[in-house]
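Engineer: Just so we're aligned, residue 36 is where the sequence shown starts under this note's numbering, counting upward by one.
Beta carbons: idealized from backbone N, C-alpha and C, even for Gly.
Bear in mind the structure is a predicted one, so any value in this text is a computation, not a measurement.
There's a structure below that I have some questions on.
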Amino acid sequence: MSRNQDSKGKGKTSGRGNANSKTNSSARGNAPFNKKSPTVNKTSSSSRSSNPDEMRLNKYIANSGVCSRREADENIAIGLVMVNGKVVTEMGYKVKRSDDVRFDGQRVTPEPPVYILLNKPKGFATTTAEGKGRTVMDLVANATSSSIKPIGRLGRNSLGLLLFTNDDKVVQKFTNSKNGVPRLFQVELDKNLKFEDLKKIQEGFKVEGKLVSVEEISYIQGESKSQVGIKIKNTGNTILRTIFEELNYDIVRIDCVAIGHLTKKDIPRGHWKHLTEQEVNTLKMI
Numbered sequence: 036m037s038r039n040q041d042s043k044g045k046g047k048t049s050g051r052g053n054a055n056s057k058t059n060s061s062a063r064g065n066a067p068f069n070k071k072s073p074t075v076n077k078t079s080s081s082s083r084s085s086n087p088d089e090m091r092l093n094k095y096i097a098n099s100g101v102c103s104r105r106e107a108d109e110n111i112a113i114g115l116v117m118v119n120g121k122v123v124t125e126m127g128y129k130v131k132r133s134d135d136v137r138f139d140g141q142r143v144t145p146e147p148p149v150y151i152l153l154n155k156p157k158g159f160a161t162t163t164a165e166g167k168g169r170t171v172m173d174l175v176a177n178a179t180s181s182s183i184k185p186i187g188r189l190g191r192n193s194l195g196l197l198l199f200t201n202d203d204k205v206v207q208k209f210t211n212s213k214n215g216v217p218r219l220f221q222v223e224l225d226k227n228l229k230f231e232d233l234k235k236i237q238e239g240f241k242v243e244g245k246l247v248s249v250e251e252i253s254y255i256q257g258e259s260k261s262q263v264g265i266k267i268k269n270t271g272n273t274i275l276r277t278i279f280e281e282l283n284y285d286i287v288r289i290d291c292v293a294i295g296h297l298t299k300k301d302i303p304r305g306h307w308k309h310l311t312e313q314e315v316n317t318l319k320m321i
């Protein structure tokens with residue numbers, strides 16, 4: 036599925052912008068935000084209120100589905116809402132889409148949840164920062180207008196599956212140090228992996244005093260013993276290089292072929308797809 040063929044998952048167009056505006060918002064669910072927001076003097080309440088690219092905090096919370104506007108006002112008043120790490124109790128306070136808004140400790144967003152699976156090619160950095168050359172954000176630029184971010188990392192020259200979302204609960208599931216979400220990699224080495232080294236990786240060993248372990252590792256059937264399948268729950272793939280460098284192997288190629296139950300089926304290299312409802316539900320149950 037190509038980036039230009041799929042529009043599923045985009046936020047619904049909303050007309051809830053500035054009272055003087057007759058145009059629709061930029062497809063961001065119920066949040067009337069534009070992509071670029073002018074610099075705002077946060078020390079001035081009057082300057083914040085004059086910015087059309089902001090919305091009232093109570094509306095922001097209500098649009099996220101947490102509670103009604105009236106209830107949002109009550110919770111703001113008793114100090115249950117934080118914006119960018121600070122408790123806000125001011126009625127009428129306005130926020131931008133880029134602000135970190137938390138209700139009772141949990142981040143909220145007025146955007147609908149979006150889940151996008153990319154089959155990453157070589158040469159793209161896994162980052163949302165600008166000035167880093169070609170990044171994975173360039174590849175999913177047309178997938179949605181919601182503020183998605185990649186979960187975990189793949190090196191610039193690594194290949195394979197990368198999941199993007201704006202759902203903090205799914206992000207927390209991936210980054211949970213006890214549970215996490217398994218990812219399966221196909222790793223090609225510069226030489227055949229000795230059986231005793233494969234067993235050592237299976238059993239776990241210490242590198243600089245820290246235990247290094249994986250979920251599973253095996254030779255790939257029908258391939259040379261320089262190619263192995265290895266399953267980890269880490270959000271990055273640095274652990275793979277740590278393991279093989281310690282055992283004096285160089286990695287030639289890293290390809291993430293599965294994330295949980297998600298595979299690269301029907302996703303050509305460099306293309307993406309929106310997860311189906313069933314795929315999302317299964318991901319949340321892992």
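Given this structure, state the Cα-to-Cα distance separating residue 226 from residue 284, to the nearest angstrom.
Structural biologist: Rounded to the nearest angstrom, the two C-alpha atoms are 7 Å apart.
Engineer: For residue 159, count neighbouring C-beta atoms within 10 Å of its own C-beta (all shown protein chains included) and say buried if the count is 16 or more, exposed if not.
Structural biologist: It is buried - the Cβ of residue 159 has at least 16 other Cβ atoms within 10 Å.
Engineer: Following the continuous beta strand (DSSP E) through residue 267, name the residue where it begins and the one where it ends.
Structural biologist: First-last of the beta strand (DSSP E) with residue 267: 262-267.
Engineer: Under the assumption that residue 150 contacts residue 309 (Cβ atoms under 8 Å), give the Cβ distance between them as a whole number of angstroms.
Structural biologist: That belief holds up - the Cβ atoms of residue 150 and residue 309 are roughly 7 Å apart, short of 8 Å.
Engineer: With three or more beta-carbon pairs closer than 8 Å as the criterion, would you say the stretch 173-181 touches the stretch 271-278?
Structural biologist: The stretch 173-181 is not in contact with the stretch 271-278.
Engineer: Between the alpha carbons of residue 68 and residue 145, how many angstroms are there, rounded?
Structural biologist: With a pLDDT of only 42 at residue 68, under the threshold of 50, the placement of this residue in the model should not be trusted, and no figure is reported.
Engineer: State the Cα-Cα distance for the pair residue 193 and residue 161, rounded to the nearest angstrom.
Structural biologist: For residue 193 and residue 161, the distance between alpha carbons rounds to 10 Å.
Engineer: Which value, in whole angstroms, describes the spacing of the CA atoms of residue 320 and residue 117?
Structural biologist: Spanning the two alpha carbons is a distance of roughly 29 Å.
Engineer: As a quick exercise: from 103, 111 and 132, pick the residue whose alpha carbon is nearest that of residue 90.
Structural biologist: Looking at the Cα atoms, 132 is the closest of the given residues.
Engineer: Please report the distance separating the alpha-carbon of residue 293 from that of residue 119.
Structural biologist: So the two alpha carbons sit approximately 35 Å from each other.
Engineer: One question on the structure: do residue 322 and residue 270 come within less than 8 Å of each other, judged by their Cβ atoms?
Structural biologist: The requested residue 322 does not occur in the structure, where the chain is confined to residues 36 to 321.
Engineer: Judging by CA-CA distance, which residue of 221, 199, 100 and 251 is the nearest neighbour of residue 235?
Structural biologist: Comparing Cα-Cα distances from residue 235 to each of 221, 199, 100 and 251, the minimum goes to 251.
Engineer: DSSP puts residue 136 in a beta bridge; with which residues?
Structural biologist: In DSSP, residue 136 forms a bridge with 118.
Engineer: Is the CB-CB distance between residue 93 and residue 107 below 8 Å?
Structural biologist: Taking 8 Å as the Cβ cut-off, residue 93 and residue 107 qualify as a contacting pair.
Engineer: Looking at residue 138 and residue 115, is the spacing between their C-beta atoms short of 8 Å?
Structural biologist: Cβ atoms of residue 115 and residue 138: closer than 8 Å.
Engineer: To the nearest angstrom, how far is the alpha carbon of residue 77 from that of residue 147?
Structural biologist: Note that residue 77 has pLDDT 42, beneath the 50 cutoff, so the model's placement of it is unreliable and the number below is only indicative. Going by the C-alpha atoms only, they are around 27 Å apart.
Engineer: Report all residues from its chain with a CB closer than 7 Å to the CB of residue 206; omit the five preceding and five following residues, and keep chain order.
Structural biologist: 186 and 200, listed in sequence order.
Engineer: Per DSSP, what are the beta-bridge partners of residue 253 in this structure?
Structural biologist: The partner list for residue 253 (beta bridge, DSSP) reads 264.
Engineer: If you follow the alpha helix (DSSP H) that residue 322 is part of, which residue opens it and which one closes it?
Structural biologist: Lying outside 36 to 321, the shown extent of the chain, residue 322 is not represented and no answer is given.
Engineer: Residue 279 lies in the alpha helix (DSSP H); which residues open and close that run?
Structural biologist: That run of the alpha helix (DSSP H) goes 273-281.
Engineer: Pick from 288, 110 and 246: whose alpha carbon is nearest that of residue 140?
Structural biologist: Measuring from the Cα of residue 140, the nearest candidate turns out to be 110.
Engineer: From this set, 171, 127 and 167, which residue's C-alpha is nearest residue 104's C-alpha?
Structural biologist: Looking at the Cα atoms, 127 is the closest of the given residues.
Engineer: Let me know if residue 99 comes out buried or exposed under the rule of 16 or more other beta-carbons within 10 Å of its beta-carbon.
Structural biologist: The residue in question, residue 99, is buried, as its Cβ has 16 or more Cβ neighbours within 10 Å.
Engineer: Only counting the same chain, and skipping five residues up and downstream in sequence, which positions put a Cβ closer than 7 Å to that of residue 232?
Structural biologist: 282.
Engineer: Identify the residues that DSSP records as bridge partners of residue 170: which are they?
Structural biologist: Looking at the DSSP assignment, residue 170 forms a beta bridge with 160.
Engineer: Using DSSP's beta-bridge definition, name the partner residues of residue 321.
Structural biologist: Beta-bridge pairing links residue 321 to no other residue.
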